[in-house]
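Written out below as C-alpha cells is the structure these notes cover.
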Amino acid sequence: MKQAITAAKITRNEVAALDIATHTGFFCLNERGTWDFTESKQRNNNKQHGAFRQTLIDFIQRNNIRQIVAEDVSVNNHFTDTRKLSEFRGILFEVCDTLDLPAPVFINPMTLKKFATGDGHAKKDKMIEYCRLRWQINPGDDNEADAIHLFFCYVKRFNL
Numbered sequence: 260m261k262q263a264i265t266a267a268k269i270t271r272n273e274v275a276a277l278d279i280a281t282h283t284g285f286f287c288l289n290e291r292g293t294w295d296f297t298e299s300k301q302r303n304n305n306k307q308h309g310a311f312r313q314t315l316i317d318f319i320q321r322n323n324i325r326q327i328v329a330e331d332v333s334v335n336n337h338f339t340d341t342r343k344l345s346e347f348r349g350i351l352f353e354v355c356d357t358l359d360l361p362a363p364v365f366i367n368p369m370t371l372k373k374f375a376t377g378d379g380h381a382k383k384d385k386m387i388e389y390c391r392l393r394w395q396i397n398p399g400d401d402n403e404a405d406a407i408h409l410f411f412c413y414v415k416r417f418n419l
C-alpha cells in the first residue's frame, strides 16, 4: 500500500522505467533508449558498475525522476545473467537511497509480457511489435521496448 500512496503523489512526468541488464533499456517522457554497459575482457579495466551508477544518477537528476519502475530479476538457467541483474539491482537500490527516492517498484517479467501483449511468454520480437502497435513508439531494440512497456504498465497500475 505504501507504493500506491507514493505513486499518487507523483506524476507520469516523474516516472522512469528501466529494463536492467548489460544493455539497459530506459524510458521516461523526456528520454528513451538503451545504455550499453558491456564490460571489458580485462577485469582491471572493468568500470561497468560505476558507469551504471553514474549514468543512472545523471539520468534521474536530468529528468527530475521521483520514481523508478524496473523489470524484476527472473531466475532462469543463465546464472551469469541472473548474477549481473542482481548486481545492477543492488546499485539501483543504492542510487535511490543516495537520491532520497522511494524504493524502486519491480514488475515480474511474465506480468509485464502479459500486460504488453496478452501473452505471458511473449518473445522479444513480439514485445517490440506491440510497442509499435499499442504506444505508436518505434523502439531501438527489445531493451527499450521492455522499458516502454514497464512505464505504461506502472502508469496504468497507479492511474497516473
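Numbering-wise (the numbering used here), the sequence shown opens with residue 260 and increments by one.
Note that beta-carbon positions come from the ideal geometry of N, C-alpha and C, so glycine has one too.
Annotated as distal: E388 and G292, with beta-carbon spacing of 8 Å or more. If only uninterrupted alpha helix (DSSP H) runs of at least 4 residues are considered, those enclosed by the stretch 328 to 383 are 338 to 357, 368 to 376. Below 8 Å, too few C-beta pairs join the stretch 279 to 289 and the stretch 377 to 392 to call them touching: fewer than three. In this structure, E290 and R325 do not form a Cβ contact; the two beta carbons are roughly 15 Å apart against a cut-off of 8 Å. Bounds of the alpha helix (DSSP H) holding G309 are 307 to 321. By the Cβ neighbour-count rule, I316 is exposed, with fewer than 16 other Cβ atoms within 10 Å of its own. Annotated as distal: F286 and A381, with beta-carbon spacing of 8 Å or more. For the pair F417 and T370, the Cα-to-Cα distance works out to about 15 Å.
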